[in-house]
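Each protein sequence line maps, in turn, to chains A and S.
Residue 377 in numbering that gives the first Met the number 0 sits at position 378 of the first sequence, and the numbers go up by one each step.
Residue 165 in numbering that gives the first Met the number 0 sits at position 166 of the second sequence, and the numbers go up by one each step.
Note sheet for the following structure.
There are 2 protein chains.
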Amino acid sequence: MNKLSAKAKSLLFMLLFTALTVKAQHNDTLLIRQIFDSALVNGQSWPMLEQLCKKVGHRLSGSPQSLEAVRLTRNQLLRLGLDSVWLQEIKVPVWQRGAREQGWINVDKRKGDIQQQNRSDIRLLALGGSIATDPSGLEARVLEVKSVDDLKSRTREEVEGRIVFINQRMDARPVNTFESYIGCVGIRYSGVVEASKLGAAGLIIRSLTHIIDTFPHTGAMTYEGAPRQIPAAAISTYDAEFLSKQLRDQTNLTLFMKLNCRSLPDTVSYNVIGEIRGSEKPDEFLLVGGHLDSWDVGEGAHDDGVGVVQSIEVLRLFKALGIRPRHSLRVVLFMNEENGLRGGLAYADWARNNGIVHKAALESDRGGFAPREFHLETEPPVLEKLQAFVPLLEPYGLTAIRNGFGGVDIGPLRDGQILLLGYVPESQRYFDYHHAASDVLEEVNRRELELGAGVMTSLVYLLDRYTF
Amino acid sequence: MNKLSAKAKSLLFMLLFTALTVKAQHNDTLLIRQIFDSALVNGQSWPMLEQLCKKVGHRLSGSPQSLEAVRLTRNQLLRLGLDSVWLQEIKVPVWQRGAREQGWINVDKRKGDIQQQNRSDIRLLALGGSIATDPSGLEARVLEVKSVDDLKSRTREEVEGRIVFINQRMDARPVNTFESYIGCVGIRYSGVVEASKLGAAGLIIRSLTHIIDTFPHTGAMTYEGAPRQIPAAAISTYDAEFLSKQLRDQTNLTLFMKLNCRSLPDTVSYNVIGEIRGSEKPDEFLLVGGHLDSWDVGEGAHDDGVGVVQSIEVLRLFKALGIRPRHSLRVVLFMNEENGLRGGLAYADWARNNGIVHKAALESDRGGFAPREFHLETEPPVLEKLQAFVPLLEPYGLTAIRNGFGGVDIGPLRDGQILLLGYVPESQRYFDYHHAASDVLEEVNRRELELGAGVMTSLVYLLDRYTF
Numbered sequence: 000m001n002k003l004s005a006k007a008k009s010l011l012f013m014l015l016f017t018a019l020t021v022k023a024q025h026n027d028t029l030l031i032r033q034i035f036d037s038a039l040v041n042g043q044s045w046p047m048l049e050q051l052c053k054k055v056g057h058r059l060s061g062s063p064q065s066l067e068a069v070r071l072t073r074n075q076l077l078r079l080g081l082d083s084v085w086l087q088e089i090k091v092p093v094w095q096r097g098a099r100e101q102g103w104i105n106v107d108k109r110k111g112d113i114q115q116q117n118r119s120d121i122r123l124l125a126l127g128g129s130i131a132t133d134p135s136g137l138e139a140r141v142l143e144v145k146s147v148d149d150l151k152s153r154t155r156e157e158v159e160g161r162i163v164f165i166n167q168r169m170d171a172r173p174v175n176t177f178e179s180y181i182g183c184v185g186i187r188y189s190g191v192v193e194a195s196k197l198g199a200a201g202l203i204i205r206s207l208t209h210i211i212d213t214f215p216h217t218g219a220m221t222y223e224g225a226p227r228q229i230p231a232a233a234i235s236t237y238d239a240e241f242l243s244k245q246l247r248d249q250t251n252l253t254l255f256m257k258l259n260c261r262s263l264p265d266t267v268s269y270n271v272i273g274e275i276r277g278s279e280k281p282d283e284f285l286l287v288g289g290h291l292d293s294w295d296v297g298e299g300a301h302d303d304g305v306g307v308v309q310s311i312e313v314l315r316l317f318k319a320l321g322i323r324p325r326h327s328l329r330v331v332l333f334m335n336e337e338n339g340l341r342g343g344l345a346y347a348d349w350a351r352n353n354g355i356v357h358k359a360a361l362e363s364d365r366g367g368f369a370p371r372e373f374h375l376e377t378e379p380p381v382l383e384k385l386q387a388f389v390p391l392l393e394p395y396g397l398t399a400i401r402n403g404f405g406g407v408d409i410g411p412l413r414d415g416q417i418l419l420l421g422y423v424p425e426s427q428r429y430f431d432y433h434h435a436a437s438d439v440l441e442e443v444n445r446r447e448l449e450l451g452a453g454v455m456t457s458l459v460y461l462l463d464r465y466t467f
Numbered sequence: 000m001n002k003l004s005a006k007a008k009s010l011l012f013m014l015l016f017t018a019l020t021v022k023a024q025h026n027d028t029l030l031i032r033q034i035f036d037s038a039l040v041n042g043q044s045w046p047m048l049e050q051l052c053k054k055v056g057h058r059l060s061g062s063p064q065s066l067e068a069v070r071l072t073r074n075q076l077l078r079l080g081l082d083s084v085w086l087q088e089i090k091v092p093v094w095q096r097g098a099r100e101q102g103w104i105n106v107d108k109r110k111g112d113i114q115q116q117n118r119s120d121i122r123l124l125a126l127g128g129s130i131a132t133d134p135s136g137l138e139a140r141v142l143e144v145k146s147v148d149d150l151k152s153r154t155r156e157e158v159e160g161r162i163v164f165i166n167q168r169m170d171a172r173p174v175n176t177f178e179s180y181i182g183c184v185g186i187r188y189s190g191v192v193e194a195s196k197l198g199a200a201g202l203i204i205r206s207l208t209h210i211i212d213t214f215p216h217t218g219a220m221t222y223e224g225a226p227r228q229i230p231a232a233a234i235s236t237y238d239a240e241f242l243s244k245q246l247r248d249q250t251n252l253t254l255f256m257k258l259n260c261r262s263l264p265d266t267v268s269y270n271v272i273g274e275i276r277g278s279e280k281p282d283e284f285l286l287v288g289g290h291l292d293s294w295d296v297g298e299g300a301h302d303d304g305v306g307v308v309q310s311i312e313v314l315r316l317f318k319a320l321g322i323r324p325r326h327s328l329r330v331v332l333f334m335n336e337e338n339g340l341r342g343g344l345a346y347a348d349w350a351r352n353n354g355i356v357h358k359a360a361l362e363s364d365r366g367g368f369a370p371r372e373f374h375l376e377t378e379p380p381v382l383e384k385l386q387a388f389v390p391l392l393e394p395y396g397l398t399a400i401r402n403g404f405g406g407v408d409i410g411p412l413r414d415g416q417i418l419l420l421g422y423v424p425e426s427q428r429y430f431d432y433h434h435a436a437s438d439v440l441e442e443v444n445r446r447e448l449e450l451g452a453g454v455m456t457s458l459v460y461l462l463d464r465y466t467f
């Protein structure tokens, strides 16, 4: 076998696969129905998510809540009767928001002949990693720009000493909202660098969401390349519209902002890991996972409590239905996806150093919405093999398996061999809640969550049985 | 042409269609992209829905609000500059809920050696069409049954004088929630008839929704075949679980219910109609519609404010993009879908009596969720022709055009010729809000609504251009 060309191997695989599917399709159809019945009728993904959201809540890396989440999910895994459950110790960065931010603008109001100055509050949320303002706050005139490119085209005279306000709308046209997100996430991640280069005193950005509401959305940013660190925050889309309107009437208005955040030395945290040993190829692993940390507002329900509980549910369903996997199945709940990726990096390092063979890794980190697709980082022949699974999953809402991005946490495992897979549910509502106080359990629909767990479990079953 | 066999006609159609699609596909792709860009960037479906939900609110047939909804949507149509806008006068039944319902159970509680009776409120919502209780209310022992069949198997001795409580859970297993709904809607529609036959004093049903929450869900019921009219109400799923638990501990507990509803003589109302005259076949109509009335709680947002504004938006997009239809396009906002279907029946009667030729009718009445499918009531050859449109709509989330139910309001147009089409978005969340106070604008996602309007407009465009 070792001497066969890749093409011959692929052909052999296809023949074998075809024969298997003809024989096995009926059994697979029945088993997949059982998986969904169990996920929908006796599913544990919802009660597990309820515990994570309501008993722990948000859980930024290094926070006491993040360690509570480690304990909770470790216990959830222990109760499944897996072959092993353990913690991988890692170091994570620590960033703290501190006391609640304050922000306002001073607006001139005319009543008859009398001119008054009124203070209007602006809802601010520091970007993750930002420094604080001076304890007395920062007050400065505002320069509104439409994009990072627009900012770069400004002169130092225009920018210096100002608070730059990047008011870029997410593009409404792409049907997949992640496409719009990628198109404007630069304002959040590196807008502060460009503002600093031109001497700005601070940065505020319009939150990265389509809807107009009053929740500011935070997220990671970098100072890399910035000559000076300046404070940076997001404001809600509603406030961005309001501020922009006020600036049209009154170009010299001032904005006050006070951020109280700080960075502390790295601290100890953990990836949470559990596994079922494979019956035929115990040394080859199929990994399923999501990330355990979240931003420090809301409850991290869609991002990524959902991915955590769906991943645990995959292993629970294997156990509950008595499905013995051929390969070892491993669930990894990664710490620190949001502001450092230390969990994903440490896990991949450990796996490489110990010669652990991963055949595939599936990540759920795009919310708990109704199933649509799986995305796969691989060459066409492998993609086509996996697409043969689609008819088995169509009755449950899956419409396609396509080329695309797997996931952030599993990315460091990329080695040219492993199949990296991303679970891709309906995307319309994801950015309504992303990194905001509105990302709470109540915004997750139980059935949509459970269908996601079902479709992930079915895919892992089919991968285990037919792909390697 | 008239002498050609159906088969030859069909073949000719297919050849013509194939030739057209090859030539036109590129143009169609561009035009459909324009339709979605306009729906997503400058769409009016959301502001129109906001007005219907927040300025009018719920709008049961015969209520003052239902006439406000007629005025509002007529004005919305007038502003589009259509070729004509008019009202079709109809008669509708009038049922009024009256003062808010009251309900409680008397529960024994033991504190040490002392036994106390505590009153626990039960959230009741009269079923549409129910009679009132006596002004002093109805108090009786409760008989819990699991289904209508379970009820039918009981003896008169068991049922007589009791309040029957049908505690049937919606089946969680079907992926399409409408399948579960059809499987248990009988408890609401005709449960009261079976309870009356066995001498029950009243009926309460578990609300028809998957989620456990505190909103009771109303809906239509009938007394046809009942020897005596008895009062009937829905209770929330949370209260159904609570009541069932209490009944296990205390089989003789009594439930008090007070309903204040009444039926009044029929009154005048209207279907709201607007149209764009066709350039080639002005006497052949393509109809798009939803229903204007709603139940008298919440805001009738998903049911069926969404269908109303999406249908108006179809005609708006034709006008805004300068698409001149070959056939006449007509939007019909039907009155009285919920408790009489008088609008749908009157429209079909009028059309038949006046020899109006409808080639197709498309209804949106399954909520404002992300696009999935269209369902079509027709024979396979026509279905296959329409399935050729799917690749053009897949980039916008449409996954299939299948055989299935068109819609309640367009049903009376069924004549063996007309194509009846239903817009079928993702179904998981629909029954969370259906006929309950939770059916409000805030539970509609703007992008999901707009994508629905886009995919409906695109289908109407393709039908107009290629199908007849």
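Ideal Cβ positions, reconstructed from N, Cα and C, are used throughout, including at glycine.
Query raised in the report: Is any beta-carbon of chain A found at less than 9 angstroms from that of residue 1 of chain S?
Result: The count along the second sequence starts at 1 and reaches residue 1 of chain S at position 2. A caution first: residue 1 of chain S carries a pLDDT of 44, below 50, which makes its placement in the model too unreliable to give a value.
Query raised in the report: Does the beta-carbon of residue 83 of chain A have 16 or more other beta-carbons within 10 angstroms, so that it is buried, or is it exposed?
Result: Residue mapping note: residue 83 of chain A aligns to position 84 of the first sequence, counting from 1. Burial call: exposed.
Query raised in the report: So, helix, strand or coil for residue 266 of chain A, using DSSP?
Result: For the purposes of this step, residue 266 of chain A is taken as the residue at position 267 of the first sequence. Residue 266 of chain A falls in the strand class under three-state DSSP.
Report task. For residue 384 of chain S, verify whether its CB is less than 8 angstroms away from any heavy atom of the ligand HEM. Result -> In the structure shown, the ligand HEM is absent, as is every other ligand, since no ligand is present at all.
Query raised in the report: For residue 38 of chain S, which of S/310, S/185, S/183 has the nearest alpha-carbon?
Result: Here residue 38 of chain S corresponds to residue number 39 of the second sequence, with the count starting at 1. Considering only alpha carbons, the answer is S/310.
Requested in this report: Using only alpha-carbon positions, find the residue among S/207, S/157, S/154, S/131 that is nearest to residue 167 of chain S.
Outcome: Within the second sequence, numbered from 1, the residue matching residue 167 of chain S stands at position 168. Closest by alpha carbon: S/207.
Requested in this report: Classify residue 459 of chain S as buried or exposed, calling it buried when 16 or more other Cβ atoms lie within 10 Å of its own Cβ.
Outcome: Stepping through the second sequence from its first residue, residue 459 of chain S is reached at position 460. Under this definition residue 459 of chain S is a buried residue.
Query raised in the report: Taking any Cβ of chain A, which residues in the segment 232 to 260 of chain S have a Cβ under 8 angstroms from it, in chain order?
Result: none
Query raised in the report: Listing by chain order, which chain A residues have their CB less than 7 angstroms from the CB of residue 394 of chain S?
Result: Here residue 394 of chain S refers to the residue found at position 395 of the second sequence. Here the neighbours are 174.
Query raised in the report: Straight-line CA distance for residue 49 of chain A to residue 318 of chain A?
Result: The residue labelled residue 49 of chain A in the question sits at position 50 within the first sequence. The residue labelled residue 318 of chain A in the question sits at position 319 within the first sequence. The straight-line gap from Cα to Cα measures roughly 22 angstroms.
Query raised in the report: Does any CB atom of chain A fall closer than 9 angstroms to the CB of residue 116 of chain S?
Result: Counted from its first residue, the second sequence places residue 116 of chain S at position 117. Chain A, which has no Cβ nearer than 9 angstroms to the Cβ of residue 116 of chain S, makes this no.
Query raised in the report: So is residue 216 of chain S in contact with chain A if we call contact Cβ pairs under 9 angstroms?
Result: Taking the first residue of the second sequence as position 1, residue 216 of chain S is located at position 217. Not closer than 9 angstroms to any Cβ of chain A, the Cβ of residue 216 of chain S fails to qualify, so no.
**Report entry** Cβ neighbours of residue 153 of chain A in the same chain (closer than 8 angstroms, five flanking residues each side left out)
**Finding:** Indexing the first sequence from 1 puts residue 153 of chain A at position 154. So the qualifying residues of the chain are 142, 144, 197.
Query raised in the report: Ordered along the chain, which non-local residues of its own chain (more than five positions away) have a Cβ less than 6 angstroms from that of residue 257 of chain A?
Result: The count along the first sequence starts at 1 and reaches residue 257 of chain A at position 258. Closer than 6 angstroms at Cβ, skipping near neighbours: 101, 132, 136.
Report task. With 8 angstroms as the limit, tell me which residues of the segment 424 to 447 of chain A have their beta carbon closer than that to any beta carbon of chain S; keep them in chain order. Result -> 425, 427, 428, 431, 444, 445, 446, 447
Query raised in the report: In angstroms, rounded to a whole number, what distance separates the CA positions of residue 331 of chain S and residue 236 of chain S?
Result: Mapped onto the second sequence, residue 331 of chain S falls at position 332. Mapped onto the second sequence, residue 236 of chain S falls at position 237. When rounded, the distance between both Cα atoms is 35 angstroms.
Requested in this report: Determine whether the Cβ of residue 315 of chain S lies closer than 9 angstroms to any Cβ atom of chain A.
Outcome: Taking the second sequence and counting its residues from 1, the one referred to as residue 315 of chain S is at position 316. Residue 315 of chain S does not count as touching chain A.
Query - Where the segment 375 to 392 of chain A meets chain S: residues whose CB sits under 8 angstroms from a CB there - result: none
Query raised in the report: Which whole-angstrom value describes the C-beta separation of residue 87 of chain S and residue 352 of chain S, a residue pair presumed to lie in contact below a C-beta threshold of 8 angstroms?
Result: Position 88 of the second sequence holds residue 87 of chain S. Position 353 of the second sequence holds residue 352 of chain S. Actually they do not touch by this definition, with Cβ atoms about 12 angstroms apart.
Query raised in the report: Can you list, in chain order, the residues of its chain whose CB lies under 6 angstroms from that of residue 468 of chain S, leaving out five sequence neighbours each side?
Result: There is simply no residue 468 of chain S to check, as chain S begins at 0 and stops at 467 in what is shown.
Requested in this report: Give the straight-line distance between the Cα atoms of residue 63 of chain A and residue 42 of chain A, rounded to the nearest whole angstrom.
Outcome: In the first sequence, the residue the question calls residue 63 of chain A occupies position 64. In the first sequence, the residue the question calls residue 42 of chain A occupies position 43. Those two C-alpha atoms are separated by around 29 angstroms.
Query raised in the report: In terms of residue numbering, what span does the alpha helix (DSSP H) encompassing residue 45 of chain A cover?
Result: Within the first sequence, residue 45 of chain A is the residue found at index 46, counting from 1. Note, residue 45 of chain A: alpha helix (DSSP H), 44 to 49.
Requested in this report: Taking the CB atoms as reference points, tell me whether residue 438 of chain A and residue 298 of chain A lie closer together than 9 angstroms.
Outcome: As a working note, residue 438 of chain A is residue 439 in the first sequence. As a working note, residue 298 of chain A is residue 299 in the first sequence. In this structure, residue 298 of chain A lies closer than 9 angstroms to residue 438 of chain A by Cβ.
Requested in this report: From the DSSP output, in three-state form, read off residue 300 of chain S for me.
Outcome: If you number the second sequence from 1, residue 300 of chain S lands on position 301. Helix, per DSSP.
Query raised in the report: DSSP three-state call for residue 1 of chain A: helix, strand or coil?
Result: Walking along the first sequence from the start, residue 1 of chain A turns up at place 2. Below a pLDDT of 50, predicted positions are generally treated as unreliable, and residue 1 of chain A, at 44, falls in that range; the measurement from the model is reported next regardless. Here residue 1 of chain A sits in coil by DSSP.
Query raised in the report: At a CB-CB cut-off below 7 angstroms, which residues of chain A make contact with residue 39 of chain S?
Result: As a first step, residue 39 of chain S is located in the second sequence; it is residue number 40 there, counting from the start. Those within 7 angstroms of residue 39 of chain S in chain A are 171, 172.
Query - DSSP beta-bridge partners of residue 284 of chain A - result: As a first step, residue 284 of chain A must be located in the first sequence, where it is residue number 285. Paired residue(s): A/327, A/357.
Query raised in the report: For residue 369 of chain A, which residues in chain S fall below 7 angstroms Cβ to Cβ?
Result: Counting from 1 along the first sequence, the entry for residue 369 of chain A is found at position 370. Residues of chain S passing the Cβ test: 425, 427.
Query raised in the report: Hey, does residue 28 of chain A have any beta-carbon neighbour from chain S nearer than 9 angstroms?
Result: The count along the first sequence starts at 1 and reaches residue 28 of chain A at position 29. Chain S, which has no Cβ nearer than 9 angstroms to the Cβ of residue 28 of chain A, makes this no.
Query raised in the report: Apart from the five residues on each side of it in sequence, which residues of its chain come closer than 8 angstroms, Cβ to Cβ, to residue 450 of chain A?
Result: Within the first sequence, residue 450 of chain A is the residue found at index 451, counting from 1. Around residue 450 of chain A: 35, 38, 39, 369, 370, 395, 396.
Query raised in the report: Just the Cα atoms here: how many angstroms apart are residue 406 of chain A and residue 419 of chain A?
Result: Reading the first sequence from its first residue, position 407 is the one you call residue 406 of chain A. Reading the first sequence from its first residue, position 420 is the one you call residue 419 of chain A. Approximately 8 angstroms between the Cα atoms of the pair.
Query raised in the report: Is the distance from the Cβ of residue 364 of chain S to the Cβ of residue 306 of chain S below 9 angstroms?
Result: Here residue 364 of chain S corresponds to residue number 365 of the second sequence, with the count starting at 1. Here residue 306 of chain S corresponds to residue number 307 of the second sequence, with the count starting at 1. Cβ distance < 9 angstroms, so residue 364 of chain S and residue 306 of chain S count as in contact.
Query - Spatial neighbours of residue 164 of chain A in its chain, beta-carbon cut-off 6 angstroms, leaving aside the 5 residues before and after - result: Your numbering for residue 164 of chain A matches position 165 in the first sequence. Contacts found: 141, 143, 203.
Requested in this report: Check whether the Cβ of residue 301 of chain A lies closer than 9 angstroms to any Cβ atom in chain S.
Outcome: In the first sequence, the residue the question calls residue 301 of chain A occupies position 302. It does not; no Cβ of chain S falls within 9 angstroms.
Query - Opposing strand residues paired with residue 107 of chain A [DSSP bridges] - result: Position 108 of the first sequence, counted from the first residue, corresponds to residue 107 of chain A. Paired residue(s): A/116.
Requested in this report: Please confirm whether residue 262 of chain A and residue 92 of chain A have their CB atoms less than 9 angstroms apart.
Outcome: Here residue 262 of chain A refers to the residue found at position 263 when the first sequence is read from its first residue. Here residue 92 of chain A refers to the residue found at position 93 when the first sequence is read from its first residue. Yes, the Cβ-Cβ distance between residue 262 of chain A and residue 92 of chain A is below 9 angstroms.
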